[in-house]
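Numbering (UniProt numbering), first residue to last: 1 to 490. Beta carbons: idealized from backbone N, C-alpha and C, even for Gly.
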């Protein structure tokens, strides 16, 4: 155990008061590393030595430091757990290295990297040697780095979240729009297709779907257009949009629209294509149906105008005055319009014979009389047949009002149509029979109405017509093959 004289000598050399030239003592005194020595043999383990660097670091004078425990450097921000670690190291006489938040004399805080080592003499603890180092810049830099890292991590998390949200929105949009996505690597022709894209091409989600499978699904007549579109997009870097037919299992044919655009490598050349696929079968069918309707409408308008032109021309030719011609033409055009109304209600797919006759005779039955006896079998007529029969019925009723059974107060009309068997095929039989009117004579001159009733109708229905001018009343009959007259039931 060192005696007191030896202790005084050591401290004297460290403080430089004994004129010693001990290089160790000189190094401790002059080093830029703040250093202190404490004496654990004294009460409260006081500081017995501090060099100038420590005084410069802490801002305290030597008189304010010597004889005090190091805890005077601690403050409100010093971590209690770290202090406990230092205390435990001192009590267990073990070295420790730790960063403590300490305070200078002026109250400024700094991070102090404290390295404490016990000093033994013949196995007995004599001193604690502690070096200090201000690591505030390092800690602040580390804190900034940690903050930057935390900020970066937050930004990465936010970007990952945004990317996930964007991907989910994209997937939702693709699903909602029934859009299948795909990418094609040009170098190795590797195709990656979404499940919906596979479905559009008639494949299950679990099925493989290579580029060769896509090409094989395209109808042979359309493949060259696909290759031309892809080659053009790769060559000029532009978008491409192509529609083609796809053959599915079971001989089903589907129309598919594919849109895409190339992506380029560092040299500016296209390296991949990416895009979407859409089943446009319903749209193509709708377009075809629209074109069909336009053609049908054009055809009907031309036919209607031709019919109206014929009505006007024949009305003028057979009338004695312009006023009479106008009245006759107006009546016939209204009859044509009413027939159109019946067909329009059925989307021009056909018309019921009963509805057609009721509409044609409506102007003659609106007075509330019961001079018509109408009835027949359920027959659905084609549009052209319906128009021809409707105009013929109108002419028969008009003539009956002018000259026949409806020209007096007592005449009646019996109108019947039936479907009857024949040797080869079913026949439609129509019979218009007047009675109770004035005596009937065959006219000397055949007018437009009679020609319309007899000749035009026969030509239109592909059957025979007959007008019998009986004295008791006119009888008109029609016999025609049913197959050429009827439309499918709805």
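Taking a C-beta distance under 8 Å as the contact criterion, residue 375 and residue 416 qualify as a contact pair. Per DSSP, residue 98 is one residue of the beta strand (DSSP E) stretching across 96-103. Residue environment for residue 393: buried (at least 16 other C-beta atoms within 10 angstroms of its C-beta).
The C-beta distance from residue 412 to residue 468 rounds to 17 Å, too long to fall under 8 Å, and the pair is not in contact.
The Cβ atoms of residue 260 and residue 233 lie closer than 8 Å to each other. With contact defined as three or more Cβ pairs closer than 8 Å, the stretch 193-209 and the stretch 145-165 are not in contact. For the beta strand (DSSP E) assignment, the uninterrupted runs of no fewer than 3 residues enclosed by the UniProt domain "PAC" (240-292) are, from N- to C-terminal side, 240-248, 252-264, 270-279.
Assignment of residue 33 by DSSP, reduced to helix, strand and coil, places it in the coil class.
Annotated as distal: residue 274 and residue 258, with beta-carbon spacing of 8 Å or more. The bridge partners DSSP lists for residue 120 are 125.
In this structure, the beta-carbon distance from residue 39 to residue 127 falls below 8 Å.
As the crow flies, the alpha-carbon of residue 140 is around 17 Å from that of residue 79.
Residue 477 is bridged by DSSP to 431, 466.
Here residue 414 is bridged, per DSSP, to 373, 433. Between residue 62 and residue 123, the alpha-carbon positions lie close to 30 Å from each other.
With 16 or more other Cβ atoms from the protein chains shown falling within 10 Å of its own Cβ, residue 380 counts as buried. Just so you know, the alpha carbons of residue 181 and residue 252 end up roughly 22 Å apart.
A straight line joining the alpha-carbon of residue 50 with that of residue 86 spans about 19 Å. For residue 112, the three-state secondary structure derived from DSSP is strand.
Burial check for residue 198: the Cβ neighbour count within 10 Å reaches 16 or more, so the residue is buried. Counting along the chain, residue 197 sits inside no beta strand (DSSP E); it lies in the alpha helix (DSSP H) bounded by residues 195-200. Look at residue 400 here: in three-state DSSP terms it is helix.
Excluding residues up to 5 positions away in sequence, 102, 104, 134, 136 lie with their Cβ nearer than 7 Å to the Cβ of residue 110 in the same chain. Comparing alpha-carbon positions, the option among 388, 361, 352 lying closest to residue 377 turns out to be 352.
Under the DSSP assignment, residue 357 falls in the alpha helix (DSSP H) whose first and last residues are 353-360. In terms of Cβ geometry, residue 244 and residue 225 form a close pair [threshold 8 Å]. The C-beta of residue 473 has 16 or more other C-beta atoms within 10 Å across all chains shown, which makes the residue buried.
One thing to note: residue 143 has its Cβ no nearer than 8 Å to the Cβ of residue 114.
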